[in-house]
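Chains as they are written, first to last, in UniProt numbering: chain A, 1 to 301; chain H, 1 to 301; chain C, 1 to 301; chain F, 1 to 301.
C-beta: ideal position from N, C-alpha, C; glycine also.
4 protein chains.
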Amino acid sequence: MPLTPDQQAEIDSLRSQPQDTLRTVAPGMEKHLYTAHPVLDHGFVRVVDYMGDDAAICQAARVSYGKGTKSVSNDEGLIRYLMRHWHSTPFEMCEVKLHVKLPVFVARQWIRHRTANVNEYSARYSILDREFYIPAPDALAAQSTTNNQGRGAALEGEEADRVLRILQDDAMRCYDNYEAMISDEGQQGLARELARMNLPANIYTQWYWKVDLHNLLHFLRLRADTHAQYEIRVYADAICKITADWVPAAYKAFEDYRMGGATLSARALDCVRRMIQGEEVTQESSGMSKGEWREFKEVIG
Amino acid sequence: MPLTPDQQAEIDSLRSQPQDTLRTVAPGMEKHLYTAHPVLDHGFVRVVDYMGDDAAICQAARVSYGKGTKSVSNDEGLIRYLMRHWHSTPFEMCEVKLHVKLPVFVARQWIRHRTANVNEYSARYSILDREFYIPAPDALAAQSTTNNQGRGAALEGEEADRVLRILQDDAMRCYDNYEAMISDEGQQGLARELARMNLPANIYTQWYWKVDLHNLLHFLRLRADTHAQYEIRVYADAICKITADWVPAAYKAFEDYRMGGATLSARALDCVRRMIQGEEVTQESSGMSKGEWREFKEVIG
Amino acid sequence: MPLTPDQQAEIDSLRSQPQDTLRTVAPGMEKHLYTAHPVLDHGFVRVVDYMGDDAAICQAARVSYGKGTKSVSNDEGLIRYLMRHWHSTPFEMCEVKLHVKLPVFVARQWIRHRTANVNEYSARYSILDREFYIPAPDALAAQSTTNNQGRGAALEGEEADRVLRILQDDAMRCYDNYEAMISDEGQQGLARELARMNLPANIYTQWYWKVDLHNLLHFLRLRADTHAQYEIRVYADAICKITADWVPAAYKAFEDYRMGGATLSARALDCVRRMIQGEEVTQESSGMSKGEWREFKEVIG
Amino acid sequence: MPLTPDQQAEIDSLRSQPQDTLRTVAPGMEKHLYTAHPVLDHGFVRVVDYMGDDAAICQAARVSYGKGTKSVSNDEGLIRYLMRHWHSTPFEMCEVKLHVKLPVFVARQWIRHRTANVNEYSARYSILDREFYIPAPDALAAQSTTNNQGRGAALEGEEADRVLRILQDDAMRCYDNYEAMISDEGQQGLARELARMNLPANIYTQWYWKVDLHNLLHFLRLRADTHAQYEIRVYADAICKITADWVPAAYKAFEDYRMGGATLSARALDCVRRMIQGEEVTQESSGMSKGEWREFKEVIG
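Take a look at the structure:
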């Protein structure tokens, strides 16, 4: 369970106090506010705040004085146009602030997205909780035999048991020792900023993460992708659902043009043109490498 | 007058429709929402949206589950601490979106602050209005005789009249010709993206500008400074007032530590120590250049 | 002529003094160093400095200890892989610094690319030169009748003459008045920071612009595109040629995957699949809007 | 020893091949190129490439055609002026690329500086080495009793031994298990991207880190500061020495205005003025909190 009763009470109290505002309100997002969506075994994603909605994208694109929308269908068309033509600045006019609890090794991938604001729980200042990510059986995957940075089928039987035991035992022992080292009972107690170095990368951390919609969608495109590591993908998937409720038109355009779309190279476009003319194109006649051809075939079906 | 009746009506309509939200509401900011604060002769600053308040800064700094505030006085102390120790990320957790109308030469300085989101009115797509900045008499200043990039006293008499006439005539003539060139009556009509090149830099443009509080304060420190050009300083001053109403504790800390504070060099600190000991320090014995010494004396009084 | 004899002498002197370095040297780029490539009537692009080459991209991708290259063909394959899979960080490991002279209205588009370093010639501090962009006859285009932010055919006859005369006369008059206002002969002289507001947007400015290769390629994709305004496209074209000499493998991959490639939406991919199966797809049966369909047909041929 | 003989041989080979360049060469930096400066027990900092020198800062500030320097003393004065007045863009015109080997918990602090380019060794793709940071006896510090995020005196006797043993044993056991889990002998072998989660935060990683001089100096100000954690400070110290050789004038100005300087609040400046007048100011009469007053006294001496 990711939240203690105290934390849940704090959240419930916030959810029970609607206030008046003159700002744009996105009804689909209000229902997500503060609610902790569970991810992995101890993680979550919570919306702490947001700014803007679909209409705000159009309002900015038009630099308008009022709400910036003539009609919903006009707005949808404009949003699709902006997305198709890579006009990123109107999407930057929406912003979201999330509270995320996530394993450290996921946090290290996540933080590589630089155009965002982050406040992480400080393990120099505070003591980390005894919470570690231990993969569910179907996420305990073998190294891929074809892709150096991917994973294959789930481990089975003996091996799966052995790995789980290792992960659990090492996590517990390291945390026991972490506690023992920082304890000031009968000893000086090691500085927290040093003791944390004994903790494995599956320990949970948490942060506030604030990002604009353009950069959020870029994050989602890379991290909700099937090639992303499963453990970050589930966070991206949870955020996708939230985003779909927040800015439905923008999210739909994103699904069509980014998630469901594909970038074809000049060579690939040439092949497509030839194939439409009825030519039988092979890897050899395509001018592509084997890897490119395989990816091309996946796209073209 | 910066707003047409239509624009004013659109704004009034927005201001008359409060909605329920579960988000943090900053009462001091709600009253500014949409209102156009006039700046210079045709410009303005309008708050279009905002995210967060003083408590949100503390909430992020504590990565807390709830509102993040124990008491207002605790929050003030924490905010002062964060400001004093250059902890910038909690301030990044507040965001504001402004609609600004401003002369092009001011826009060109403003845009140099890169960590912000901008949507500018497109003069490729649309036709600019006939609105030019013409300085008020007391802003019509002579070149400074001591500072290559500053200005001195206001021009007087004849010269002031001559300059005003030039600015007005050139603006009007250039705009007449802009209109004449793009007109499609009895001719093809020059492309707007080309015709705009005939317009002087005192023509007004407008944009949506979105920025986090940390970067906003950095902008204000540089642009509300007495060394900033007057024409951008008046915008910064207007935003200072808005910010003081939005995040009063953060703004107060900003005033104390940034606007009213000063960075002293190692040499300057050494002089201060000697002066406190009663030593009579001169420029010669200070180790500073003349320029540094003059600036030091201004700070030390 | 963009350079004075003094400026040319300074450049020649720099070009005549090769020095020893242990850094990576890109021979194709050395030949461009300092040379001013003319653009438009008074503008130019000059390479002031650069860091890295094709091998440096691979070296960073491999976080290697040595040069990071096993063989040129390996490097090319890796670079194509990185480009195809949107791995941007290795391309960020190359950097270039350009000195660019350009009209102000072009500078205003250019500066919207925020992830770059810029030092612009200060018209608060210095006096601008009397140099204005006046379009060549074939660049003096009419407003497009189909695209609100595009241009159509070149103006002809009378109208072309009239427009040219206007642009020239207004530029000269505004500049004469600029000089008259800042003159301190027999008067105080208006502050430069104010006087510049009288100058039209076709006056030339100049800046140092430093950017990493990833962001440079992004800039080139948008600004060397046929939809970009001609006056910025010619700068992008000049930089494309320089880049092709600097990092030939990266530039080739860029041409294939970005400039010559296209992003197809989920809908568009679906149509492609149906067309390859032999189906006759029309706009109506495509599920696309008219605009999307037209753009799709342009890509598919 | 941080480098294997093979790695050293690669580096030596690079150092033995000077090439001709027309670019600016910084002699003080050439001597650092590729050399691995040891930091902590297994870490290092190596300069992989650089762009610019002191003169390049001035050249950019002046947007000059040639080398941009009249004389060294002029340049020094200009650099001091730019530093004093927070003109950051000319310093952004120098760039450095480092190869750094560092413990993961240090990397996690470091990466918070977002305005930089990073390529980290991928533990999804590759197998990490068995190298862990184990503090030297004098760095094995107790938790500070006065500062929640600081450290006090070194641990002594028994406790120090115990902590060292824990850190070593847990590191070795976790690494043994990491190897056992990814092994494909007689089993499928856990995916590397998962197995890495078992490794404690004192394991070493490495990356290429590229940053401009302005942002580097900002990093150094925060991380070479006495309040920074020792383990990142030693990296910052090593980079300070390199920077002093690379851009001596800029580094000197940085030492005077940033590292050795201090920002005083409005209240603090008021106290300074009163103290110079001979007044005996106490915490009570200062208007400062106890924390502020203590920090103020440290600065004022």
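Residues are counted here when their Cβ sits less than 7 Å from a Cβ of chain A; for the region 185-198 of chain F these are Gln187, Gln188, Gly189, Leu190, Ala191, Arg192, Glu193, Leu194, Arg196, Met197 and Asn198, given in chain order. Listed along the chain, the chain H residues whose CB falls inside 7 Å of the CB of Ala262 of chain C amount to none; the nearest CB is some 23 Å away. According to the DSSP assignment, Gly157 of chain C belongs to the alpha helix (DSSP H) that extends over Gly157 to Ile182. For Pro103 of chain A, the secondary structure class from DSSP, reduced to helix, strand or coil, is strand. Take the alpha-carbon of Glu185 of chain H and the one of Asn119 of chain C: they are about 43 Å apart. Within the model, the alpha-carbon separation for Ala228 of chain H versus Gln149 of chain H is close to 10 Å. Taking 7 Å as the cut-off, the Cβ atoms of Val106 of chain H and Ile232 of chain H count as close.
Contact note: Gln143 of chain H reaches chain C through Ile182, Asp184, Gln188, Gly189, Leu190, Ala191 and Arg192, using a C-beta cutoff of 8 Å and chain order.
For secondary structure counted as the alpha helix (DSSP H) over 4 or more consecutive residues, the region 26-55 of chain H holds these complete runs in sequence order: 27-30. Near chain F, meaning a CB-to-CB distance below 7 Å, the residues of the region 269-286 of chain H are Leu269, Val272, Arg273, Met275 and Ile276. Counting only Cβ-Cβ distances below 9 Å, Pro103 of chain A has contacts in chain F at Met197, in chain order.
The beta carbon of Tyr175 of chain H sits no closer than 7 Å to any beta carbon of chain A. Here DSSP, grouped into helix, strand and coil, assigns Arg23 of chain C to coil.
Taking all protein chains in view, the Cβ of Asp53 of chain C is crowded by 16 or more other Cβ atoms within 10 Å, so the residue is classified as buried. If one requires a minimum length of 4 residues, the alpha helix (DSSP H) runs lying completely within the region 201-266 of chain C are 213-223, 230-246 and 248-254, in chain order. No Cβ-Cβ contact shorter than 7 Å links Tyr34 of chain A with Arg62 of chain A.
A distance of 7 Å or more separates the beta carbons of Ala56 of chain A and Met83 of chain A. Apart from sequence neighbours up to five positions away, the residues of its chain that approach Asp41 of chain A with a beta-carbon distance below 8 Å are Tyr133, Ile134 and Ala136, ordered along the chain. Among the residues of chain A, those whose CB is under 7 Å from the CB of Tyr208 of chain H are Ala60, Val63 and Met93, following chain order. Going by DSSP, Arg196 of chain F is part of no alpha helix (DSSP H) at all; its letter is neither H nor E.
Interface residue (Cβ-Cβ distance to chain F less than 7 Å): Ala56 of chain H is not classified as such.
In chain order, Arg114 make up the part of chain C whose C-beta sits under 7 Å from the C-beta of Arg114 of chain H. Excluding the 5 residues flanking it on each side, Tyr251 of chain C has same chain C-beta neighbours closer than 7 Å at Thr243 and Ala244, in chain order. Looking only at C:Pro18, C:Asp20, C:Ala60 and C:Gln8, the smallest Cα-Cα distance to His37 of chain C is reached by C:Gln8. Classified as exposed, Trp86 of chain F has fewer than 16 neighbouring CB atoms from the shown chains inside 10 Å of its CB. The beta-carbon separation of Gln143 of chain C and Ile182 of chain H, rounded to 7 Å, stays under the 8 Å limit for a contact.
Under the Cβ criterion of 7 Å, Pro137 of chain H is not counted among the residues facing chain C. Around the beta carbon of Lys210 of chain H, a 10 Å sphere encloses 16 or more other beta carbons of the protein chains shown; the residue is thus reported as buried.
In the three-state reduction of the DSSP assignment, Ala142 of chain C falls in the strand class. Scanning chain H for C-beta atoms nearer than 8 Å to the C-beta of Ile166 of chain C yields Asn177, Ala180, Met181 and Asn198, reported in chain order. For Asp256 of chain H, at least one C-beta of chain F is nearer than 7 Å to its own C-beta.
Take Tyr208 of chain A, set aside five residues on each side of it, and the residues of its chain with a beta-carbon closer than 6 Å to its own are His99 and Asn119, in chain order. Ranked by Cα distance from Val272 of chain C, the options A:Asn202, A:Asn74, A:Thr21 and A:Phe296 are led by A:Phe296. When only Cα atoms are considered, Pro248 of chain F and Val234 of chain F end up about 20 Å apart.
Against chain H, the CB of Thr243 of chain A has no partner CB under 7 Å away; the residue lies outside that interface. About 5 Å separates the beta carbons of Ser265 of chain F and Tyr257 of chain H, which is inside the 8 Å limit, making them a contact pair.
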